[in-house]
Amino acid sequence: MLNKKILFIFFFAFLIRLIALNQSLWLDEAVTANVVKNFDFTQIISKFSPTDFHPPLYYLFMKVWTNFFGYSEIALRMPSILFSLMTGYIIYLIGGVWAMAFFLFNPLIVYYSQEARMYMMVTFLLTVALYYYLKNKNQIFFGIFIYLAFLTFYGSIFLIVSFLIYYLYKKNYKFFILNTLYFILIILLISPLLYQQLINSKVALSQVTNWSLVLGKANLKDLLLIPVKFSIGRISFYPKWLYWGIAGGWTGFVLFTIKTVLNKTVFIKTVLYLLIFPLFLGFVVSFFVPILQYFRFIYLIPIMSILLAKKNVTPYHYGVTIGFMIFALVYLLLPQFHRENWKGLVFNLPKNIPVYMIEASSDPVKYYDRSIKVKRLESIKESKEREIIVIPYATEVYGLDYKSLLVKSGYNLKKEISFREVTYERWLR
């Protein structure tokens with residue numbers, strides 16, 4: 014039975030997650046919304062997933078959810094809130110009240126608790142697997158949850174492999190062999206989809222000139238950004254010297270707090286290994302496949318939270334919790350740190366003027382107004398209209414110099430209207 018203090022923590026964590034929950038969907042969330050709205054269960058697997066970079070389990074779950082609760086921003090994001098709260102409870106079972114509080118109020122967790130993507134779902138699944146792993150509980154359930162995690166987010170493989178290697182290190186050959194064989198079986202079962210995704214991703218990436226701009230390469234900057242974002246969350250601001258001063262100082266405090274709890278007990282060594290080794294694997298793999306982005310390792314924050322709490326209560330515990338809450342509230346209460354404001358942009362688009370943009374980035378426009386017929390910005394030089402709207406989102410990533418094409422076609426930029434992180438332009442000739 015949970016006591017009143019724990020129930021209050023959960024209630025407060027739930028309440029703050031409701032702040033600005035109806036903020037605009039950004040691109041990836043709009044993809045989620047449009048997929049579950051426009052594809053049935055079999056089409057998600059057979060038509061959408063082969064062109065995506067993620068496994069289908071999250072989309073299948075969201076298809077069921079939205080059939081009951083609809084497609085509003087709040088309905089789409091509520092599963093992530095619930096997964097984050099359930100993860101907090103599992104962390105409580107592993108590491109106690111302080112570990113739970115560190116997780117529930119972590120600013121990066123609060124941010125992704127409000128995102129209609131798979132990151133909170135995979136964090137929950139891997140944390141349940143961690144519970145069975147650390148408590149030496151039912152190994153069947155451990156296996157089930159790591160397989161569900163892999164079918165939710167391929168990036169979970171770094172923690173899964175770390176689990177298996179530790180079995181081998183502890184000479185627990187039975188569980189190592191069984192879980193490895195089962196995991197290989199899961200990969201074989203999903204291999205037709207994986208193969209198709211690899212083929213399609215190579216084609217897609219070859220068409221995106223500057224895709225490396227948004228991928229995490231194996232470099233020191235992207236590696237160091239992981240503990241910074243784990244500590245300060247998704248916020249960023251200018252001047253950069255002030256941001257890095259605050260972020261670096263706070264991250265140093267969090268890491269120092271972890272250092273104060275380190276000892277030579279088997280539990281601490283195991284948890285520390287499970288925090289560091291997946292990052293090492295991700296760093297190595299990123300030399301070949303650039304994936305070293307902090308949000309891809311968000312499932313390690315429960316492990317960090319458990320480490321932070323493994324000591325008698327000290328002023329550091331209160332300091333970390335208060336700091337986490339401050340950074341979380343900065344994100345929640347200041348709109349400039351919210352997601353791309355596609356809602357505002359779409360609602361303010363002039364009527365009856367053709368809209369051009371990168372078609373692969375048009376999901377937010379389709380979500381907020383399906384009556385808008387988006388035209389391919391790549392074919393802008395064929396335009397015959399006197400006046401057009403251009404939404405230049407992602408043109409830099411695609412290496413599309415649309416302005417030169419428009420100027421050559423006789424267009425002049427009439428007006429540029431900006432919303433949070435997104436812009437539209439009116440061109441006239």
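Its first residue numbered 14, the sequence shown is counted upward by one per residue in our numbering. Beta carbons are placed, not taken as given, at the ideal position from N, Cα and C, and that holds for glycine. Here the structure is a predicted model, which means the values were calculated and not measured.
Using three-state DSSP, classify Glu434 as helix, strand or coil.
Position 421 of the sequence shown holds residue 434. Coil, per DSSP.
Between the region 187-200 and the region 85-101, do at least 3 Cβ pairs fall closer than 8 Å?
no
Let's see if you can read the secondary structure: which residues bound the alpha helix (DSSP H) around Glu42?
Mapped onto the sequence shown, residue 42 falls at position 29. Here the alpha helix (DSSP H) through Glu42 covers 40-51.
Report the partner residues of Met370 according to the DSSP bridge assignment.
Start at 1 with the first residue of the sequence shown, and residue 370 comes out as number 357. The partner list for Met370 (beta bridge, DSSP) reads Arg389, Ile404.
Thinking Phe116 and Ile104 are a contact (beta carbons under 8 Å), I'd like their distance in whole angstroms, please.
The residue you call residue 116 lines up with position 103 of the sequence shown. The residue you call residue 104 lines up with position 91 of the sequence shown. Between Ile104 and Phe116 the Cβ distance is about 5 Å, and since that is below 8 Å, they are a contact.
Answer yes if the region 17-24 comes into contact with the region 342-357, meaning at least three C-beta pairs across the two stretches below 8 Å, and no otherwise.
The region 342-357 makes no contact with the region 17-24: fewer than 3 CB pairs, one atom from each, lie closer than 8 Å.
Would you mind listing the alpha helix (DSSP H) stretches within the region 87-127 that are 4+ residues and don't spill past its ends, in chain order?
110-117, 120-125
Select from Ser299, Thr270, Tyr160, Ser85 the residue whose C-alpha is nearest the C-alpha of Ile173.
Looking up residue 173 in the sequence shown gives position 160. Closest by alpha carbon: Tyr160.
With Ser384 as the anchor, note down where its alpha helix (DSSP H) starts and where it stops.
To locate residue 384, count along the sequence shown from 1; it is residue 371. DSSP places Ser384 outside any alpha helix (DSSP H), giving it a letter other than H or E.
Between Pro92 and Trp78, how many whole angstroms is the CB-CB distance? I'm expecting something under 8 Å.
Numbered from 1 along the sequence shown, position 79 holds the residue referred to as residue 92. Numbered from 1 along the sequence shown, position 65 holds the residue referred to as residue 78. Yes, they are in contact, since the Cβ atoms of Pro92 and Trp78 sit about 6 Å apart, within 8 Å.
Return the bridge partner residues of Lys428 from the DSSP annotation.
Sequence index remark: in the sequence shown, residue 428 carries index 415 (1-based). Arg439.
Just to confirm before moving on: does the CB-CB distance between Phe166 and Pro68 stay below 9 Å?
The residue you call residue 166 lines up with position 153 of the sequence shown. The residue you call residue 68 lines up with position 55 of the sequence shown. For Phe166 and Pro68, yes; Cβs fall inside 9 Å.
How is Glu398 classed by DSSP in three states: helix, strand or coil?
Counted from its first residue, the sequence shown places residue 398 at position 385. Coil at Glu398, not helix or strand.
Alpha carbon to alpha carbon, how far is Phe25 from Leu31?
Working through the sequence shown from its first residue, we reach residue 25 at position 12. Working through the sequence shown from its first residue, we reach residue 31 at position 18. Computed Cα separation, rounded: 10 Å.
If contacts are defined as beta-carbon pairs under 8 Å, then Tyr312 and Leu147 qualify, I think. What distance do you get, rounded to the angstrom?
For the purposes of this step, residue 312 is taken as the residue at position 299 of the sequence shown. For the purposes of this step, residue 147 is taken as the residue at position 134 of the sequence shown. About 15 Å; that fails the 8 Å criterion.
Quick one: Cα of Phe23 to Cα of Ala114, how far?
Here residue 23 refers to the residue found at position 10 of the sequence shown. Here residue 114 refers to the residue found at position 101 of the sequence shown. One C-alpha to the other measures close to 9 Å.
Check for me: the alpha helix (DSSP H) holding Gly156 runs from which residue to which?
By 1-based counting over the sequence shown, the position of residue 156 is 143. 152-163 is the extent of the alpha helix (DSSP H) around Gly156.
Would DSSP call Lys230 helix, strand or coil?
Taking the first residue of the sequence shown as position 1, residue 230 is located at position 217. Note: Lys230 maps to coil in three-state DSSP.
Along the chain, where does the alpha helix (DSSP H) containing Phe296 start, and where does it finish?
Here residue 296 refers to the residue found at position 283 when the sequence shown is read from its first residue. First-last of the alpha helix (DSSP H) with Phe296: 279-298.
Rounded to a whole number of angstroms, what is the C-alpha to C-alpha distance between Ser59 and Leu321?
Residue mapping note: residue 59 aligns to position 46 of the sequence shown, counting from 1. Residue mapping note: residue 321 aligns to position 308 of the sequence shown, counting from 1. Cα-Cα distance, rounded: 43 Å.
Quick one, are the C-beta atoms of Tyr180 and Tyr286 less than 9 Å apart?
Counted from its first residue, the sequence shown places residue 180 at position 167. Counted from its first residue, the sequence shown places residue 286 at position 273. In this structure, Tyr286 does not lie closer than 9 Å to Tyr180 by Cβ.
Mind checking which residues open and close the alpha helix (DSSP H) that includes Phe66?
Reading the sequence shown from its first residue, position 53 is the one you call residue 66. Run containing Phe66: none; DSSP gives neither H nor E here.
Quick one: what does DSSP say Thr327 is sitting in, helix, strand or coil?
On the sequence shown, residue 327 is found 314 positions in, with the first residue counted as 1. Thr327 sits in coil when the DSSP states are folded into three classes, being neither helix nor strand.
Determine the extent of the alpha helix (DSSP H) in which Gly3 is found, giving its start and end residues.
Absent from the model: residue 3. The displayed extent of the chain is 14 to 442, so no value can be given.
Output needed for Asn35: all residues of its chain with C-beta closer than 8 Å, excluding positions within five of it in sequence on either side, in chain order.
On the sequence shown, residue 35 is found 22 positions in, with the first residue counted as 1. Closer than 8 Å at the Cβ level, and outside the excluded window around Asn35, lie Ser85, Glu86, Ile87.
Just curious, the alpha helix (DSSP H) that Asn213 is in, first and last residue?
In the sequence shown, counting from the first residue as 1, residue 213 sits at position 200. First-last of the alpha helix (DSSP H) with Asn213: 186-220.
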